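Here's the structure, in structure tokens; my notes come after.
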Amino acid sequence: MKIAISSTGQDLTSQIDPRFGRSPYFIFIDPETMQFEAIENPNVNAMGGAGIQTAQLIANKGVEVILFP
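Residue numbers for the sequence shown follow the working numbering, beginning at 365 and rising by one.
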């Protein structure tokens, strides 16, 4: 299983960002191994459709759970 967290930064101590589509980063975590990968959200400055584009990005990463406030 892979978990995605909307984040203000690139590490596990970063705060959760409340803006799903415009979150500056996403952290992908494998809860079984606790390995993680942080990526910049390329849709943060999209003129429109940031949420849809970000959802597609996350789906393409094989995420099963998304955490954001």
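For each residue, glycine too, the CB sits at the ideal point set by N, CA and C.
Since the structure is predicted, the reported quantities are computational estimates derived from the model, not experimental observations.
The C-beta separation of Ile403 from Phe390 comes to about 6 Å, placing the pair in contact by the 8 Å criterion.
Taking the C-beta atoms as reference points, Phe384 is found no nearer than 8 Å to Lys425.
According to DSSP, residue pairing for Ser370 in a beta bridge involves Phe390. Leaving aside the five residues that flank Ile422 on each side, the residues in its chain whose CB is nearer than 6 Å to its CB run, in chain order, Ala368. Burial is judged here by how many other beta carbons sit within 10 angstroms of a residue's own beta carbon; Thr397 has fewer than 16 and is exposed. Note that the C-beta distance between Pro433 and Val408 is not below 8 Å. Non-local beta-carbon contacts of Gly373 in its own chain, meaning distances under 7 Å to residues more than five positions away in sequence, involve Tyr389 in chain order.
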